[in-house]
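When we follow my numbering, the leftmost residue of the sequence shown carries the number 792, and every step to the right adds one. Beta carbons are placed, not taken as given, at the ideal position from N, Cα and C, and that holds for glycine. Predicted, not measured: the structure shown is a model, and the values here were computed from it.
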Amino acid sequence: MQLSIPPNHCQPLKIVALGDSLVYGFGDPERGGWVEQLRRWWMLPDRGGHVLYNLGVRGDRTQQVAQRLEVEFRHRGELRNRVPDLIILSVGVNDSARLARPDGRNYTDFAVFESEIASLLDMAQQLCPVLFVGMVPVDESKMPFLDCFYYNHSDQYRYKEATRHACLKRRIPYLDIFERWMERGETWRLQRLSVDGLHPNTLGYQALLEDAIAWEALATYHSQSHHHLTQLSPVQISKH
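Structure, rendered in structure tokens:
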């Protein structure tokens, strides 16, 4: 009898979030970043919520995420040899950095990046549905990061646009965080970045969480819990 019931009706979805420090949540010692907060909400006992694995690795570039994608995916099925139902990707900012000096070479050559992001998306789509969360604009005045990496808005824009177009081509929903944060102005942005100028702070990850929760593509996965989320955490719903 049970076989006739779609799997996601009898057990929670399994979701993996893969990417760099933005997924890992670096810069938010209070709440652990936006993925961690989403994981905790979905884990509430009375919700029977989705299982969310944070597989963010600090410093990862697109190629490194691609190298571990399938192995990570295959090992997160939990029960009865099942595999996850959704992949959330967020990567690319580390590829865009310039090395050693402001006009140095990009960490990942742009043409190589275009090829690697296409390959990553194709690989992910063969496994299950995919969502992509874009990068956060840096504070250019705080560069270089670790005395070596020069991030800038111009390169960030090029790399995120290449990613956005690659997603569009494959009908993968893309959340353009860069665009949203730029539109909200410099004062708003700087209040939401850590002192290193690269990673969001607790307030920044809260903004990221709000954007993700309100994002239609993700809302379809948490619509049952959304009322509960807003009840639980009224501070999350703030004016932009």
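With burial defined as no fewer than 16 other Cβ atoms inside 10 Å of the residue's Cβ, what is the status of residue i: buried or exposed?
i, result
"Q793", "Per-residue confidence for Q793 stands at a pLDDT of 37, beneath the threshold of 50, marking its modelled position as unreliable; no derived number is given."
"P928", "buried"
"P893", "exposed"
"D900", "exposed"
"S945", "exposed"
"E1007", "exposed"
"D938", "exposed"
"V784", "The question about residue 784 has no answer here: the residues shown for the chain are numbered 792 through 1031."
"V862", "exposed"
"Q828", "buried"
"M947", "Note that residue 947 corresponds to Gln in the displayed sequence, not to Met. Q947 should be labelled buried."
"R980", "buried"
"G818", "buried"
"V1011", "In the sequence under discussion, the amino acid at residue 1011 is Thr, which differs from the Val named in the question. T1011 is exposed by the Cβ-count criterion."
"L1009", "buried"
"P991", "buried"
"A1005", "exposed"
Can you tell me which residues form a DSSP beta bridge with residue i?
i, result
"K805", "V842"
"G847", "G810"
"S881", "G810"
"L1009", "Paired residues: none, contrary to the question."
"F940", "L890, F936"
"V921", "I878"
"L984", "P991"
"L772", "Since the first residue shown for the chain is 792 and the last is 1031, residue 772 is missing from the structure and cannot be characterised."
Could you say which of the options lies nearest to residue i if we only look at CA atoms?
i, options, result
"L860", "E907, R889, V903", "E907"
"H841", "G816, R849, R867", "R867"
"G816", "Q982, Y996, A1003", "Y996"
"P836", "V986, V862, Q855, P803", "P803"
"K951", "A1003, G810, A909, F969", "F969"
"R865", "T1011, A909, K805", "K805"
"S812", "V882, I878, E821, A1008", "V882"
"G824", "E1001, Y1012, A1010", "E1001"
"A902", "S932, D930, L877, R949", "R949"
"T978", "R830, R873, D930, L877", "D930"
"A1003", "R971, R849, T954", "R971"
"R822", "T993, Q916, A888", "T993"
"R849", "V826, V814, W832, P820", "V814"
"I878", "D967, V826, W832, P820", "V826"
Report all residues from its chain with a CB closer than 6 Å to the CB of residue i; omit the five preceding and five following residues, and keep chain order.
i, result
"V884", "M926"
"Y844", "V807, R867"
"G988", "V929, D930, K933"
Leaving out the 5 sequence neighbours to the left and right, which residues in its chain are closer than 7 Å to residue i when beta-carbon positions are compared?
i, result
"P875", "K805, I806, V807, F864, R867, G868, C919"
"G810", "G847, D851, V856, L880, S881, V882"
"P935", "Y941"
"A998", "R983"
"R830", "L843, N845"
Which same chain residues, not among the five before or five after residue i, have their C-beta less than 8 Å away from its C-beta?
i, result
"A857", "E907, S910, L911, M914"
"T853", "V882, G883, D886, T899, F904, E907, I908, L911"
"L890", "R896, N897, Y898, C939, F940, Y941"
"Q916", "R961, I963"
Does any C-beta atom of chain C lie closer than 9 Å to the C-beta of residue i?
i, result
"T978", "Among the chains of the structure shown, chain C does not appear; only one protein chain is present."
- Query: Between the stretch 903 to 922 and the stretch 958 to 977, do at least 3 Cβ pairs fall closer than 8 Å?
  - Reply: Because the criterion of three Cβ pairs below 8 Å is met, the stretch 903 to 922 and the stretch 958 to 977 touch.
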